[in-house]
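*Asks:*
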Amino acid sequence: MAHELDSAIGVTMTGTALLEGLRDPGNQALWSAYVDRYRPLLVRTLVQSRVPPHDAEDLAQLALLEFAEAYRTGRYDRDRGRLRSWLFGILKNKARSWRRREGQRGARREEGAFEDVLAGEPAEDELAARWDEEWHRAVLRQALTQARADVSPEHWEAFRLFVLEGLDAAEVADRLGTTSARVYGAKRRVLERVRALQPMMADLF
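Residue 80 in my numbering sits at position 83 of the sequence shown; the count goes up by one each step and never skips.
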């Protein structure tokens, strides 16, 4: 978790502002921010559903390109669903096509690999559950990244070592030259900020 926080980009940019930038195909900064925000979410969902990582990367890129084109041509209607719902629908179709191609090739996969993700209702529910789980994790990562900027460096370092790295409170206190009580206090302050930020971060998606 900790290293992912360092690579977050455009954490305070709303989804709407990000998408508006996609209207200009030459805006590489906005395209990069769009990919950095949503591609990991798509890839992790597919990998968790046992799609090989290389194929998951390709499918995620195709889904992002298709959505960007839909947005530029006016086919995306936010009143009919949030961006994450549209992306999931596109991703589901990409995964279905991938499975069909793999079946036609007669590709051999280990037992249980990407098992009929889209073949029946329970499997579709499982993929949707994976998507929701990864989305909530993405929101949490965004909230943690912003909280890091909002709290003092001392509180963040105590929180990072204690919560994210899993060190004992006494060990953290010894490393930082403080007390266990202050370590617990830092944890409380950061978590309070994260909880306050999560609704706002959810709107970014």
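Just so it is clear, CB atoms sit at the ideal spot from N, CA and C, and this is done for glycine as well.
Under a three-way DSSP split, which group does residue 2 fall into?
*Replies:* Residue confidence for residue 2 is low, a pLDDT of 45 falling below 50, so the modelled location carries little weight and cannot support an answer.
*Asks:* Reducing DSSP to helix, strand and coil, say where residue 20 ends up.
*Replies:* If DSSP states are grouped into helix, strand and coil, residue 20 belongs with coil.
*Asks:* Round the Cβ separation of residue 140 and residue 194 to the nearest angstrom and send it over; I've been treating them as touching at under 8 angstroms.
*Replies:* Residue 140 to residue 194, Cβ: 4 angstroms. Contact.
*Asks:* Could you give the distance in angstroms between the alpha-carbon of residue 84 and the alpha-carbon of residue 54?
*Replies:* Residue 84 and residue 54: Cα-Cα distance of roughly 15 angstroms.
*Asks:* Hey, residue 135 and residue 190 are a contact pair by Cβ (cut 8 angstroms); roughly how many whole angstroms apart?
*Replies:* The pair is not a contact, with the Cβ atoms about 18 angstroms apart (cut-off 8 angstroms).
*Asks:* Could you check where the alpha helix (DSSP H) with residue 156 kicks off and where it finishes?
*Replies:* Looking at the DSSP string, the run of the alpha helix (DSSP H) that includes residue 156 is 150 to 156.
*Asks:* Starting from residue 64, follow the alpha helix (DSSP H) in both directions and report where the run begins and ends.
*Replies:* 50 to 69 is the span of the alpha helix (DSSP H), which, as asked, contains residue 64.
*Asks:* Closest to residue 16 by CA distance: which of 176, 65 and 131 is it?
*Replies:* That would be 65, whose Cα lies nearest to the Cα of residue 16.
*Asks:* Taking 8 angstroms as the cut-off, decide whether the C-beta atoms of residue 81 and residue 132 are in contact.
*Replies:* A contact, by the Cβ cut-off of 8 angstroms.
*Asks:* Would you tell me roughly how many angstroms separate the C-alpha atoms of residue 37 and residue 44, rounded to the nearest one?
*Replies:* So the alpha carbons of these two residues sit roughly 10 angstroms apart.
*Asks:* Exposed or buried, what is residue 178 when buried is set at 16 or more other beta-carbons lying within 10 Å of its beta-carbon?
*Replies:* With fewer than 16 other Cβ atoms within 10 Å, it is exposed.
*Asks:* Below 7 angstroms CB to CB, which residues in the same chain sit around residue 187 once its five sequence neighbours on both sides are set aside?
*Replies:* Within the same chain, residue 187 has close Cβ partners 144, 148, 152, 153 and 156.
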